[in-house]
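Just remember that my numbering sits 14 ahead of the position in the sequence shown, which is counted from 1. Beta carbons: idealized from backbone N, C-alpha and C, even for Gly. Here the structure comes first, spelled out in structure tokens, and everything after it is commentary.
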Amino acid sequence: MKSIAFFETTKREEQFLRKKFGRNISVQFFEEKIQDVPVQKFIKTDVISVFIYSVVTKELLAKMKNLTLVATRSTGFNHIDVKEAAKRGITVMNVPYYGENTVAEHTFALILSLSRNIHKAYVRTLRDDFSLKGLQGFDLKGKILGVIGAGSIGLHVIKMARGFGLKVIAYDERQNHFLAETLDFNYIPLQELLERSDIISLHCPSNERTHHLLNMENISAVKKGALFINTARGDLIETRALHYALNNGIFAGAGLDVFEGEELVQEENQMLTRNVPVEKLQALLQKNILLKMENVILTPHMAFDSVEAVERILQTTVDNIFAFESGSPKYVVNAV
Ligand code: NAI
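Next comes the structure, spelled out in structure tokens:
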């Protein structure tokens, strides 16, 4: 390995990473996404490391004749053409674990903000209004939390829920009865989870089976007045069903770290000058309507973003690069 180029890095990340590589390796850092940097600046590099907003295309891979490794600093790798990389003998590695507790903690930040009206109180006290009117919350203790997707993050949410005295039910296509017994929760069908939960929290991946898992057909099954939390992926719930549920008292509130069309928000200004498909404009409009609802909290896909989780991502990426170099790579996502 002679050279590495990191993309989408902050100054703090650069400081962390610089210390990890010796003087005989040339290391470049770019704050921009890979597609926003002229390719001539890194074309001869043999290792690149990107985050999720950098798109590693077939065309780019074809230009980088020395490239042997793409180390993404994320779990997901759908921003990289992994098949084309495999064809060209380029290994792609990811960071499969880094923030199960981190995302679970953010899930509880959203639940508690809604259950105790923290977001409303914050805005009021900023205006020097200290009245309690309309701010009464409810206890979590004794309520039922329905977890959809009891994998790494979902199980951390369940562990934390037990500390609050919540009862837990879960829906998952794969079931681990030993864990269910240890953590004291039950697996039940989706329909029953919707009917019984006081809080519904999504923790399954986005794929063709989970796309619009909650939709106009099943949303009315939800227990009236439940809270809805989504820190997984926006398309797990049909946005029309989310609006319907919020407008009709089916959901008393929603805490959303993700929503359909969130990837367009950064491009919002360009939308006005470009010919943009109607569904994209609809997604943005829906976001603006959600923002106006006082029982909805939106955070900008930040559940993963803690100091500790980001350090774990960087350290695993460094380990990935050295493991690849020594011939024993662990987290490879394409068969080269
Ligand atoms: P995981 O793979 O450990 O767990 C996912 C669980 O969902 C598994 O138990 C799986 O069996 C279940 N599942 C899959 N398909 C299902 C279906 N059709 N019906 C019911 N259950 C199904 O994944 P992990 O690490 O817990 O992450 C969950 C999701 O959280 C990720 O896919 C990602 O979308 C999201 N995430 C969000 C972050 C954020 O910053 N907001 C950060 C990291 C992950």
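In the three-state DSSP reduction, residue 53 falls in the helix class (H, G or I).
Pairing residue 339 with residue 318, the inter-Cα distance amounts to about 28 Å. Within the stretch 79-117, the alpha helix (DSSP H) runs of at least 4 residues that lie entirely inside it are, in chain order, 96-101. Counting C-beta pairs closer than 8 Å gives three or more between the stretch 20-28 and the stretch 56-65, which meets the contact rule. Here DSSP, grouped into helix, strand and coil, assigns residue 302 to helix. Considered as a whole, the stretch 172-200 harbours 181-185 as its complete beta strand (DSSP E) runs of no fewer than 3 residues, in chain order. For residue 244, the enclosing beta strand (DSSP E) has its first and last residue at 240-244.
Comparing alpha-carbon positions, the option among 190, 174, 154 lying closest to residue 164 turns out to be 190.
As summarised for the stretch 140-165, there are no continuous alpha helix (DSSP H) elements at least 4 residues long confined to that stretch.
Ligand 1 approaches residue 167 closely enough that one of its heavy atoms is under 6 Å from the residue's Cβ.
Shown here for residue 145: same chain residues with a beta carbon closer than 8 Å to its own, the five before and five after excluded, namely 138 in chain order.
Taking all protein chains in view, the Cβ of residue 334 is crowded by 16 or more other Cβ atoms within 10 Å, so the residue is classified as buried.
Between residue 57 and residue 78 the beta-carbon gap is near 6 Å, inside 8 Å, which marks them as a contact. Secondary structure note for residue 233: it is in no alpha helix (DSSP H), with a DSSP letter that is neither H nor E.
Following the DSSP letters along the chain, one finds residue 251 in no alpha helix (DSSP H), marked with neither H nor E. Note that the stretch 111-128 touches the stretch 239-247; at least 3 beta-carbon pairs, one per stretch, sit closer than 8 Å. Of the residues assessed, residue 267 falls on the buried side of the cut-off, its CB having 16 or more other CB atoms within 10 angstroms. The Cβ-Cβ distance between residue 297 and residue 275 falls below 7 Å.
Excluding the 5 residues flanking it on each side, residue 210 has same chain C-beta neighbours closer than 8 Å at 158, 160, 183, 202, 237, in chain order.
Comparing alpha-carbon positions, the option among 51, 55, 49, 86 lying closest to residue 40 turns out to be 55.
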